[in-house]
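What follows is a set of notes on a single structure, which appears directly below.
In my numbering, the protein residues as written are 3 to 252.
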């Protein structure tokens, strides 16, 4: 599974090393080798909002920088990579990564665990996965509310031995939870997925393909969740940082 690419597998965008190749190459280079060997793997799906939060929180920044892979989730990251003349091949949205990992888990008959969302929504996720990915072995699931102690969750997950743990607690909680507990786990791919459970359970609608192609998925989500408007302010702040970085490399 060696790469046929001559370029480095990551690009530096305002201090964070983003995976630069396609979803297929991500699976080939960074996901499947560890998944099939039952090695631990921490994947972060980072958009401009997460990057700006990290820039203002040193502890969280360290967590992101120490992840095994940071994927470019957000068109702002993709556009900034082009401005900096180190383009990533494609946006790898957290939701698309979620679906691809389910597909791979189905193909290889892997065990998965779901952590996050409301009890109703995570139950819907489990039911839907059973129907759409019948070869996936669902070892267990927990709502993201009223979680037991970290020690109890680690013991439970280690006993169940899932190959993939999907964590949908929203940032920064999901990344902090994974980072804090990862040393205690015996195996597994851990990935923070934000609101992916809510979309998959159809509690939230994903933007139509046209919106995705026009890079307006953020606008569609804002229309569904108007309270997110303050969080959207991170996008111009992020781009301002990118332009500042661009001036340095001229």
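Every residue gets a Cβ at the ideal spot worked out from N, C-alpha and C, and that includes glycine. Computed from a predicted structure; not experimentally measured.
Looking only at its chain, what residues have a beta carbon closer than 8 Å to the beta carbon of residue i, apart from the 5 residues adjacent to it on each side?
i	result
residue 55	62, 173, 174, 236
residue 196	47, 96, 170, 172, 173, 176
residue 93	74, 75, 76, 77, 79, 80
Between residue i and the rest of its own chain, which residues show a CB-CB distance below 6 Å, the 5 nearest in sequence each way excluded?
i	result
residue 78	50, 237, 240
residue 43	36, 70, 191
residue 193	45
Under a Cβ-count criterion, where at least 16 other Cβ atoms within 10 Å of its own Cβ denotes burial, should residue i be classed as buried or exposed?
i	result
residue 38	exposed
residue 122	exposed
residue 115	buried
residue 211	exposed
residue 97	buried
residue 143	buried
residue 26	exposed
Just tell me which of the options has its CA closest to the CA of residue i.
i	options	result
residue 226	242, 243, 207	207
residue 153	171, 128, 138, 184	184
residue 53	30, 90, 15	15
residue 140	148, 147, 130, 149	130
residue 91	23, 147, 40	23
residue 148	117, 200, 93	117
residue 200	162, 128, 159, 151	128
residue 11	88, 57, 59, 58	88
Take residue i and list the residues in its own chain whose beta-carbon comes closer than 7 Å to its own, dropping the five residues that flank it on each side.
i	result
residue 145	119, 120, 121, 124
residue 6	Unreliable positioning characterises residue 6 in this predicted model, as indicated by a pLDDT of 47, which lies under 50. A coordinate reading is not provided.
Taking the CB atoms as reference points, tell me whether residue i and residue j lie closer together than 8 Å.
i	j	result
residue 245	residue 168	no
residue 255	residue 164	Missing from the structure shown is residue 255; the chain here goes from 3 to 252 and no further.
residue 203	residue 126	yes
residue 156	residue 189	no
Count the C-beta pairs between the stretch 70-82 and the stretch 173-187 that are closer than 8 Å, then say yes if the count reaches three, no if not.
Judged by Cβ distances under 8 Å, the stretch 70-82 makes no contact with the stretch 173-187, as fewer than three pairs qualify.
Check whether the stretch 10-23 touches the stretch 66-74, taking contact to mean three or more Cβ pairs, one atom from each stretch, closer than 8 Å.
These segments touch.
The stretch 134-143 contacting the stretch 100-108, beta-carbon criterion three pairs below 8 Å:
With the cut-off at 8 Å, the stretch 134-143 and the stretch 100-108 touch.
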